[in-house]
Structure formats: C-alpha cells, structure tokens
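No gaps in the numbering here: position 84 of the sequence shown is 87 in the working numbering, and each next residue is one more. Report on the following structure.
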Amino acid sequence: MTIWSNRAHLERPTGSVSCFAPDKSEDIAKIKEMCARLGIEHHTLELSDRFEEEVLANFKEEYLEGKTPNPCVWCNQKIKFGAMVEYAGASGLVFDKFATGHYARIVHTGKRWAVGKAKDEKKDQSYFLYRLSQEQLKTILFPLGELAKDEVRVILKEHGHVSDDQEESQDFYDGPYTDLLEVEDKKGAIITRDGRILGTHKGIWHYTIGQRRGLGIAAERPLYVLELRASTNEVVVGFVDETVQHQVEATDVVFGSVAMIEGEVEVEAKIRSVGRPKKAIARRKEDGSIVAFFPEGVNAATPGQSLVLYKDDLVLAGGIITHAR
Numbered sequence: 004m005t006i007w008s009n010r011a012h013l014e015r016p017t018g019s020v021s022c023f024a025p026d027k028s029e030d031i032a033k034i035k036e037m038c039a040r041l042g043i044e045h046h047t048l049e050l051s052d053r054f055e056e057e058v059l060a061n062f063k064e065e066y067l068e069g070k071t072p073n074p075c076v077w078c079n080q081k082i083k084f085g086a087m088v089e090y091a092g093a094s095g096l097v098f099d100k101f102a103t104g105h106y107a108r109i110v111h112t113g114k115r116w117a118v119g120k121a122k123d124e125k126k127d128q129s130y131f132l133y134r135l136s137q138e139q140l141k142t143i144l145f146p147l148g149e150l151a152k153d154e155v156r157v158i159l160k161e162h163g164h165v166s167d168d169q170e171e172s173q174d175f176y177d178g179p180y181t182d183l184l185e186v187e188d189k190k191g192a193i194i195t196r197d198g199r200i201l202g203t204h205k206g207i208w209h210y211t212i213g214q215r216r217g218l219g220i221a222a223e224r225p226l227y228v229l230e231l232r233a234s235t236n237e238v239v240v241g242f243v244d245e246t247v248q249h250q251v252e253a254t255d256v257v258f259g260s261v262a263m264i265e266g267e268v269e270v271e272a273k274i275r276s277v278g279r280p281k282k283a284i285a286r287r288k289e290d291g292s293i294v295a296f297f298p299e300g301v302n303a304a305t306p307g308q309s310l311v312l313y314k315d316d317l318v319l320a321g322g323i324i325t326h327a328r
C-alpha cells in the first residue's frame, strides 16, 4: 500500500526506510520482482486519503493536546488490518487469510483470539498490534512469529532474495514530528511543579514526557519533562526522581485473550514499545478504563502512548494512557 499524500513542502529525501515517506517506488519494484519469482499476484493499494483521515488527523490532534500518540498502533488497527483489507475485498481480490511480516503470533485460546509475543523477543511487535479486534484477528497470519530473525534470513536467501540486510524501518517518519503538525510556534512558560518559571518554550508539541535534552535550562541536576499542560500552554519540568510513577491509567480499552478483566490480575505490562515489560497488578474500573499498579515503578508514562497488558505471553488488554502518578 502507499500512504504518502502530497506534502512536497516537507522535502523529505527519497529512499527513506520509514513507512511514511514520499518515494517507495524502489521498495515496490523489489516486491513486484519477488512476487513474480514466487508466482504471486502483486497489487498496490492507494490509501493516502484514509491514512490522512484515520492516522495523521489523530496524530495532530493528540500532539496539540500535549499528548504523545503512537501512529503505528492506529495504523495497524485502522489501515493495515482495516482499510487495506476492505479495499482489497472491494477490488475483487478473494482471500481466506491475510498475512503480514509482523513479528508476533496469533493464538486461539479456545474462546478468543489473541496476539502473542514473537519467538524472537528482540523483534517482537505485539505491542503495536493490541488494538486488533476479534474479527480482524481470526483472518490474520503472522508467519514470522515463530521464527528468529536469523531463520528468516536463511529462508529469504533460499528463495533468492539477496537484499535482506537492508536497514529496517524504526519509525513511521524519519523527520521531526513537528513537520506533520503544520502549526506556528506558540511561546509559553517552562515551570516547576510548584509554579516557579525557569524559561520559555516554543510550543508544547516540541516536547514529550521524560524528555531531558533540548530544554535550554541550566540547573544543579538534569531536568526532565514531567507534564504538558495544553490548557495553560505550560511545560512542567523536574528532577529524575519525579519521573517515577506507580499507577498508570488507560482508556479506550481493547480486550485480547479475555473478554473482560475480572478483579485484580497479575500481569506483565508495557507503557511504551521499547524495553521489557514490568510486573504489575491490573484491574478494570467501572467506567471501562484499566489501571495498572507497578510495585517497582515505571519512568515517564506518557499520555497518548499505550498501556499493554500481557498474561502468559498473550496480550490480555490494552488502552491509551490518560494519566499516571
């Protein structure tokens, strides 16, 4: 699929390995060649309008509200496993299963479908896939989920694919995220939690929770972004010990291996895509949100990112972080 809309003013270089980039003709040509060699039909679907509506609009709205969204999470739910499947069907393509190259597993528990962690833990992408519905999961195949990266390389070479060592995409866009917001700078105060003004900023969207560099403030110890207040256009900063939180709450919840969380459940949980999951105790609130308590604490849980809960290496549930303390 292609998702880049007409954004000539961004002047991004061609050949980018990120998903959202202007020229993917070289990648498409390589895929066409491999499909021809394997006897597989190749089709390219133009989904830039849907990507703009479903992913970029949310991305911009969240950033301007002082949150830090994860566009890959929304793209998987709305585009890769949503619009692309819809458009393929509408184009007359008949298929029983929909396979992608994600490093994750699809597991049926006997009652429900769930996303499972990949065999290759370093490549695991289950965090990005937690929002997939039961309807989506039952038609998906993840062939790489049971393979290590080295095993994948061997299979690729066996099938004549020699360019398997090219740089892998690490993000959806390789430029400054502020490029995509298309808003003017808006100066405001950088303050401490007790209200002391330490400096000024150019717009809260230039910052994210936990950020240390680029604050432009001299202090006795390194300062970190603790909070972004959209209503007052303030960036709140403090020392590293102030970034530690024990309770993280998330809303817009999607359940995976269970239809509902009953009572308190011991889980492993992630508050961002990088890093290992941490032990937590999770429960569902009456309003439908979920809360995870981390006995050992976590650093800089960020509104807009996702809280994903795991039980026995399966995604139990996940949601969008609203606040932490």
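For each residue, glycine too, the CB sits at the ideal point set by N, CA and C.
Item	Value
Beta-carbon spacing of Q128, H111 below 8 angstroms	no
Within-8 angstroms CB hit, E223 to chain C	Reference to chain C is not applicable here, since this structure consists of a single protein chain.
Counted within 10 angstroms of its Cβ, other Cβ atoms place L147 as buried (16 or more) or exposed	buried
Residues of its chain near K288, where Cβ-Cβ distance is below 7 angstroms and the 5 sequence neighbours each way are ignored	V294
Every unbroken alpha helix (DSSP H) inside the segment 95-162 [4 residues or more]	137-140, 152-161
The segment 63-70 touching the segment 228-236, judged by at least three CB pairs closer than 8 angstroms	yes
The segment 303-310 / the segment 196-215 touching (three or more Cβ pairs under 8 angstroms)	yes
Residues that V88 bridges to, as DSSP identifies them	None, per the DSSP bridge assignment.
C-alpha gap between K83 and D244, whole angstroms	39 angstroms
For E245, three-class secondary structure by DSSP	helix
Three-pair Cβ contact test at 8 angstroms for the segment 276-290 versus the segment 78-96	no
Span separating the alpha-carbon of A91 from that of L48	8 angstroms
D182 versus E57: straight-line alpha-carbon distance, rounded	18 angstroms
Whole-Å CB distance - K152 paired with D174, under 8 angstroms assumed	Not really, about 19 angstroms apart at Cβ, beyond 8 angstroms.
Outcome for E237 when other beta-carbon atoms lying within 10 angstroms are tallied against a minimum of 16	buried
Secondary structure of T181, DSSP reduced to three states	helix
Inter-residue spacing [alpha-carbon to alpha-carbon] between G119 and G202	45 angstroms
Simplified DSSP state of K281, which is helix, strand or coil	strand
Buried or exposed by the 16-neighbour rule on C-beta atoms within 10 Å, applied to L50	buried
Classification of E187 by the beta-carbon crowding that lies within 10 angstroms, buried from 16 upward	exposed
Same chain, Cβ closer than 7 angstroms to E55, five either side skipped, listed in chain order	S8
L310 and S260 closer than 8 angstroms at C-beta	no
Integer-rounded CB distance, given that I143 should sit under 8 angstroms from F98	That pair is no contact at about 11 angstroms.
C-alpha gap between E269 and K126, whole angstroms	25 angstroms
Same chain, Cβ closer than 7 angstroms to D315, five either side skipped, listed in chain order	none
DSSP beta-bridge partners of T5	E49
Candidates I109, Y133, R53, L226, of which the one nearest T246 by Cα	L226
Test item: CB-CB of F145 and T103 under 8 angstroms	yes
Limits of the alpha helix (DSSP H) - the one that L41 falls within	28-41
Through-space distance from G206 to G191, alpha-carbon basis	7 angstroms
Inter-residue spacing [alpha-carbon to alpha-carbon] between I220 and R196	15 angstroms
Same chain, Cβ closer than 8 angstroms to I284, neighbours up to 5 away in sequence not counted	E267, V268, E269, V270, A295, F296, P298
Rounded separation between T254 and R134 - CA only	12 angstroms
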